[in-house]
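To keep things clear, I will list the structure first and then write my remarks on it.
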Amino acid sequence: MALLLTWGELARQVADELPAEAFTDALSREVYAAILALLEAKAPVDLASVAQTLQRAGRIGDLGGMKELMALAHAAVPKEHLEWHVGEVKRAWLGRQIRDLVPHIARDPSEELLEQLQRLAVARNATDGGRAFDLGKDLHDYLEALDRSREAEPAYDTGMAELDGLLGGLKRGNIFTIAGRPGKGKTLILAEIAFRLAEKGLRVVYFSTEMSAHEMVSRLLPPRSRVPAWRFRRAQFEDEHRRRVTDACAEIHGKLAFSIVDKAGPGISDVRGWLAKLKPDVVVLDYLQLFAMPKAENKTREVDAFMTALKTLARESKVVVLLGCQLNRETDRVKVPVLADLRDSGAIEHASDQVLLLHAEQEDRGAPTMELVGILAKNRHGLVGKVQFEVERHIVAIREATSQENGHVKASAHGLARKDAMATNAYQTELDS
53 MALLLTWGEL ARQVADELPA EAFTDALSRE VYAAILALLE AKAPVDLASV AQTLQRAGRI
113 GDLGGMKELM ALAHAAVPKE HLEWHVGEVK RAWLGRQIRD LVPHIARDPS EELLEQLQRL
173 AVARNATDGG RAFDLGKDLH DYLEALDRSR EAEPAYDTGM AELDGLLGGL KRGNIFTIAG
233 RPGKGKTLIL AEIAFRLAEK GLRVVYFSTE MSAHEMVSRL LPPRSRVPAW RFRRAQFEDE
293 HRRRVTDACA EIHGKLAFSI VDKAGPGISD VRGWLAKLKP DVVVLDYLQL FAMPKAENKT
353 REVDAFMTAL KTLARESKVV VLLGCQLNRE TDRVKVPVLA DLRDSGAIEH ASDQVLLLHA
413 EQEDRGAPTM ELVGILAKNR HGLVGKVQFE VERHIVAIRE ATSQENGHVK ASAHGLARKD
473 AMATNAYQTE LDS
């Protein structure tokens, strides 16, 4: 505002960009409204004319008098910074409108409201760029920006080498959707990636809609203790098993920021509330179809509204979102899944930055392992392609089939008692349903 009170000739170009309600501060809003009135009257814009306009309206006293107005005018702001300040005010104003609109869409996701949201989102995105990039002149600035962004906006690895080679990293504000049919490892890979991110020092909040927090822990501990999952379900541990579990817990306790929210049917407001409370770096939604959807005339519209709100929340909160999702049940179980098989809505694909589709090409329910193919079908930041996974059923562990860790993992399993191996005939129940 100091710029406009000092250089009144700048007011016209700002008036084309911002209305008075774009300012949240009462003094700035009233002063700017007075400037707009002066422009409308084709009067000069300066400190004296603005003060006179506010005086005539009986508002200058409510705003702190001439003392506050002069303090505002004399704030030291370089003239060259006008474009940046206008962009910041406009971006914040459009962001507030988007946040105010989302609850209305959740209640009534009409075409009109969705179009309004899209217009606001496009307008807000447009504030991020002020001029064209000159390839011949701006490459040095680009390289410097790369160095800064590496620290300011890092891309996080999942800890799975081949998958990371395709993904190019998980970024804040992005949604990584992992989809599969029932029993095909959605929860396994979501939990594994989340745990590995927590091991890197990131704060994780995991929304478990199917299992209690204790059941989730019973999923996380078997791969790390090498103790069969059925022993956790039945609480049957021999001394060696108990030692392994104790050692695994010691490696985790007090070292990871990994919170599990096991509320049944949470909604987007629950997610927003927990994010505000715990301020995580990563949020996991396991899985979409069991979350409470906004009310709408059909399931597709409900999911559309949910995904729009989730994408907005991811960007505002600057969190990595891992989203579990079901594939359509009517899809042939033998057929290789495609993006069109994402259940309920095309908005899932649209809002997701990366989509991994899980598929079991040939499944032998009596085998100790299950082979999975992860098809990275969408990736805004890297390549698409396939990754081979292997699920070790008795300890519900998932890993890349070509990972260098396989030799160590399999060798360490030889010490298991034979009755543990025999008892895992019920391992199918350990996979997500």
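Add 52 to the 1-based position in the sequence shown for this note's numbering, that's all there is to it. We put the CB at the ideal spot given by N, CA and C, even for glycine. Bear in mind the structure is a predicted one, so any value in this text is a computation, not a measurement.
Measuring straight from C-alpha to C-alpha, what distance separates residue i and residue j?
i, j, result
"I427", "E135", "44 Å"
"A103", "I320", "46 Å"
"L79", "L375", "43 Å"
"L308", "E267", "18 Å"
"I400", "L219", "18 Å"
"L146", "V443", "46 Å"
"C301", "V373", "26 Å"
"G117", "D77", "15 Å"
"H433", "G221", "8 Å"
"E101", "L90", "One point to set straight first is that residue 101 is Ser, not Glu, in the sequence displayed. Using only the alpha carbons, I get a separation of about 8 Å."
"F343", "A72", "39 Å"
"L327", "G60", "43 Å"
"A243", "Q149", "35 Å"
"E423", "C377", "20 Å"
"S364", "V323", "Going by the sequence as given, residue 364 is Thr instead of Ser. T364 and V323: Cα-Cα distance of roughly 12 Å."
"H460", "E413", "Annotation note: pLDDT 36 at H460 (below 50); position unreliable, coordinate value reported separately. Rounded to the nearest angstrom, the two C-alpha atoms are 26 Å apart."
"R176", "F75", "16 Å"
Should residue i and residue j be called a contact, given that it needs their Cβ atoms to be closer than 8 Å?
i, j, result
"P346", "R159", "yes"
"L56", "V97", "yes"
"L70", "K142", "yes"
"L254", "V174", "no"
"D393", "L408", "no"
"T499", "G317", "Within the shown structure, residues of the chain are numbered from 53 to 485, placing residue 499 beyond reach of any answer."
"V269", "S311", "no"
"H293", "R283", "yes"
"D338", "F259", "yes"
"S404", "V355", "no"
"A250", "H446", "no"
"R367", "G211", "no"
"Q406", "K370", "no"
"E82", "L99", "no"
Which residues does DSSP list as the beta-bridge partners of residue i?
i, result
"H411", "V425"
"D338", "S260"
"Q168", "Bridge partners of Q168: none, in fact."
"L222", "Y208"
"E251", "According to DSSP, E251 bridges with nothing at all."
"L273", "Looking at the DSSP assignment, L273 forms no beta bridge with any residue, so it has no partner."
"N431", "Q406"
Where do the ends of the alpha helix (DSSP H) carrying residue i lie?
i, result
"D291", "291–304"
"F358", "351–369"
"A449", "Note, A449: premise wrong, no alpha helix (DSSP H); beta strand (DSSP E) at 449–452."
"K387", "Unbroken run through K387: none, as it is neither H nor E."
"K347", "No alpha helix (DSSP H) holds K347; DSSP gives it neither H nor E."
"I150", "134–159"
From what residue to what residue does the beta strand (DSSP E) around residue i run?
i, result
"E442", "437–444"
"V373", "372–378"
"F228", "227–232"
"V313", "310–313"
>> Count Cβ pairs between the segment 267–278 and the segment 444–454 that sit closer than 8 Å; are there 3 or more?
In response: Three or more beta-carbon pairs drawn from the segment 267–278 and the segment 444–454 are found closer than 8 Å, and the two stretches are therefore classed as touching.
> Hey, is the segment 229–242 in contact with the segment 279–296, meaning 3+ C-beta pairs nearer than 8 Å?
Replying inline: No, the segment 229–242 does not touch the segment 279–296.
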